[in-house]
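A short write-up of the structure that comes next.
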Amino acid sequence: MCLLGSAGRLKGWAALGLLAAGLLWLLAWPELLSIGQSMSDGGAHPYAMADQVRLGLRPWLTFYEGDPHVGPYYTYPLLWGWALLNTLLLWPLRPQFAAARAMFTLHSLTAALLIVAGLTWLPYAASEINALFTAGPEPGRSLSGFGPYLVAEQCTGWSEGGGCQSEESIRILNPAFWGLIGLTLAPLLGLLVREPRPRPVPAPTTHAPQL
1 MCLLGSAGRL
11 KGWAALGLLA
21 AGLLWLLAWP
31 ELLSIGQSMS
41 DGGAHPYAMA
51 DQVRLGLRPW
61 LTFYEGDPHV
71 GPYYTYPLLW
81 GWALLNTLLL
91 WPLRPQFAAA
101 RAMFTLHSLT
111 AALLIVAGLT
121 WLPYAASEIN
131 ALFTAGPEPG
141 RSLSGFGPYL
151 VAEQCTGWSE
161 GGGCQSEESI
171 RILNPAFWGL
181 IGLTLAPLLG
191 LLVREPRPRP
201 VPAPTTHAPQ
211 L
């Protein structure tokens with residue numbers, strides 16, 4: 001804890017946090033852009049799109065015909081783990097530094113959002129997505145998790161000659177995206193917040209001895 005016990009070190013931690021947020025964005029973009037889509041001709045189901053997903057606090061998993069498919073996807077546990085680590089590190093520094101208070105507030109809110117959503121919202125989202133994926137054949141199925149919403153699409157009318165004739169889709173709020181926003185804003189706020197200047201201590205007054 002004492003490693004961050006100065007304003008300069010706290011600013012350095014905020015800069016490191018901003019770098020970490022950038023790396024998390026770079027990880028999330030290729031990993032969550034197309035969830036469950038095999039891009040390889042290897043394995044038991046080459047180039048197949050998953051027909052079932054499992055979303056939650058742990059790494060996200062996908063399945064095809066009951067078999068483990070593409071994944072696991074590690075973005076989500078990294079998000080809430082990093083937010084929780086910052087929350088714990090910044091907690092004892094709140095009374096001393098304004099930047100610590102600002103970063104702690106955003107990190108704690110982000111951690112709470114991601115953990116609660118991982119326990120409740122994401123399992124519900126997975127059940128809705130899995131129900132949609134049973135509505136039609138495999139061609140035309142897709143799931144994207146990079147953006148404000150989890151967007152799942154399923155072709156419900158497939159023609160071998162003309163492709164997909166009709167489709168259904170659902171959009172569900174994506175806590176991973178909002179977690180990325182929170183983990184980006186928190187260190188940025190820590191860099192921008194200025195610490196109040198210490199008030200000068202008045203010099204003690206001396207009284208001349210009375211004669």
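The sequence shown begins at 1 in the UniProt record's numbering and counts up one residue at a time.
All C-beta atoms in this analysis are idealised placements derived from N, C-alpha and C, irrespective of residue type, glycine included.
Predicted model only: the values in this text are computed from it and were never measured.
Practice task
Starting from the Cα of Tyr76, find the closest Cα among Phe63, Arg94, Leu55 and Tyr64 and give me that residue.
Solution key: Leu55
Practice task
State the Cα-Cα distance for the pair Thr134 and Glu168, rounded to the nearest angstrom.
Solution key: 11 Å
Problem - contact_flag[the segment 70 to 87, the segment 173 to 186] where n(CB pairs < 8 Å) is 3 or more - result: yes
Problem - Neighbourhood of Leu113 by C-beta, 8 Å cutoff - its chain only, sequence neighbours within 5 removed - result: Pro175, Trp178, Gly179 and Gly182
Problem - 8 Å CB neighbourhood of Trp158 in its chain, flanking five on each side removed - result: Gly136, Pro137, Pro139, Gly140, Cys164 and Gln165
Problem - Secondary structure of Gly179, DSSP reduced to three states - result: helix
Practice task
Please name the residue or residues paired with Ala152 in a DSSP beta bridge.
Solution key: Leu143 and Ile170
Practice task
Figure out for me which residue from Leu185, Leu132, Trp13 and Phe146 has the closest Cα to the Cα of Glu153.
Solution key: Leu132
Practice task
Starting from the C-beta of Phe63, find all residues in its chain whose C-beta is less than 8 Å away, skip the five residues before and the five after it, and write them out in chain order.
Solution key: Ala50, Asp51, Gln52, Val53, Arg54 and His69
Problem - Span of the beta strand (DSSP E) around Arg54 - result: Gln52 to Arg54
Exercise for the section: Please state whether DSSP places Phe133 in a helix, a strand or coil. Expected result: helix
Problem - Collapsed DSSP secondary structure at Gly118 in the structure displayed - result: helix
Exercise for the section: Please state whether DSSP places Tyr76 in a helix, a strand or coil. Expected result: helix
Problem - As assigned by DSSP and simplified to three states, the class of Gly162 - result: coil
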